[in-house]
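Participant: Pasting in a structure now, in structure tokens, and then I'll have a few things to ask.
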Amino acid sequence: TSDGRRRTMWRASIRGPLSRLGGACVAVATTTSVVPTSSAEQAPPGPAAAGANVFGVTSRNFRDLQPDNTGPRFLHSMLRVQSLTKTLAFFSVLDLVETRRTEVPSSGFTLVFLATAPGEPEIELTWNWGGEDASRMAPARNFGHLAFAVDDIYKTCAAFEAHGVAILRPPKDGKMAFVKSPDGISIELLQKGGALPPREPWASMSNTGEW
Numbered sequence: 006t007s008d009g010r011r012r013t014m015w016r017a018s019i020r021g022p023l024s025r026l027g028g029a030c031v032a033v034a035t036t037t038s039v040v041p042t043s044s045a046e047q048a049p050p051g052p053a054a055a056g057a058n059v060f061g062v063t064s065r066n067f068r069d070l071q072p073d074n075t076g077p078r079f080l081h082s083m084l085r086v087q088s089l090t091k092t093l094a095f096f097s098v099l100d101l102v103e104t105r106r107t108e109v110p111s112s113g114f115t116l117v118f119l120a121t122a123p124g125e126p127e128i129e130l131t132w133n134w135g136g137e138d139a140s141r142m143a144p145a146r147n148f149g150h151l152a153f154a155v156d157d158i159y160k161t162c163a164a165f166e167a168h169g170v171a172i173l174r175p176p177k178d179g180k181m182a183f184v185k186s187p188d189g190i191s192i193e194l195l196q197k198g199g200a201l202p203p204r205e206p207w208a209s210m211s212n213t214g215e216w
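Start counting the sequence shown at 6; every next residue gets the next number (our numbering).
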């Protein structure tokens with residue numbers, strides 16, 4: 006409608022002991038709500054979480070929090086984003102899949118989890134509907150980067166360029182490159198199985214900026 010888009014929302018509890026386990030959330034279904042169009046950006050529709058039960062807990066994130074006597078388990082890295090649409094488009098170049106999504110209208114934010122495949126460690130995108138304060142978005146050098154192994158580093162870099170993403174560290178050696186997400190997060194690309202033979206225009210390209 007002109008007043009906003011009707012969606013089924015999920016209320017999440019992120020307090021207490023669960024918040025110390027990688028920020029995992031338990032979601033409870035609420036009634037249909039309206040996301041106002043005055044939000045900085047409308048969240049694109051996401052797929053229903055595979056394996057979700059009536060309480061909104063997917064089979065995977067519920068299983069991840071069960072005691073199994075195998076020690077700590079890495080769950081996800083959380084990234085704050087200014088534009089959910091731009092960030093999802095960026096990570097689509099790496100063929101990441103959305104594993105689940107949680108809308109929290111009471112606090113005005115959306116959580117989207119991405120992974121290379123269901124069951125793999127995830128990236129949690131946190132998007133506040135009213136926008137992020139600039140002081141919380143400045144990239145910190147002590148964070149470093151996220152790394153992805155790719156089938157063909159030249160094709161991946163070409164795909165990023167087609168999306169308007171600068172290749173900051175070109176794959177001159179056929180095995181490593183760096184780009185940045187729309188929010189300035191450094192992403193390392195590594196060639197699977199060892200370096201490819203040098204190839205133009207990458208072999209002659211210069212580094213740009215920092216990564």
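The C-beta atom is built at its ideal place from N, Cα and C for all residues, glycine as well.
Look at the alpha carbon of F95 and the alpha carbon of A167, and state the distance between them as a whole number of angstroms.
Facilitator: Each residue's alpha carbon lies about 11 Å from the other.
Participant: Give the DSSP-derived three-state secondary structure of R85 in the structure shown.
Facilitator: R85: strand per DSSP, three-state reduction.
Participant: Using the Cβ count rule (16 or more neighbours within 10 Å means buried), how would you classify R78?
Facilitator: Exposed: under 16 other Cβ atoms inside 10 Å.
Participant: On the criterion of 16 or more Cβ atoms from any shown chain inside 10 Å, does S186 qualify as buried, or is it exposed?
Facilitator: Buried: at least 16 other Cβ atoms inside 10 Å.
Participant: Report the rounded CA-to-CA distance for N133 versus V155, giving the unit in angstroms.
Facilitator: Each residue's Cα considered, the two are about 31 Å apart.
Participant: Grab me the residues of G214's own chain with a C-beta within less than 6 Å of its C-beta, minus the 5 sequence neighbours each way, in chain order.
Facilitator: L173, listed in sequence order.
Participant: Leaving out the 5 sequence neighbours to the left and right, which residues in its chain are closer than 8 Å to L195 when beta-carbon positions are compared?
Facilitator: The residues are A152, F153, A154, V155, I158, K180, M181.
Participant: Taking buried to mean at least 16 other C-beta atoms within 10 Å of its own C-beta, is H150 buried or exposed?
Facilitator: Under this definition H150 is an exposed residue.
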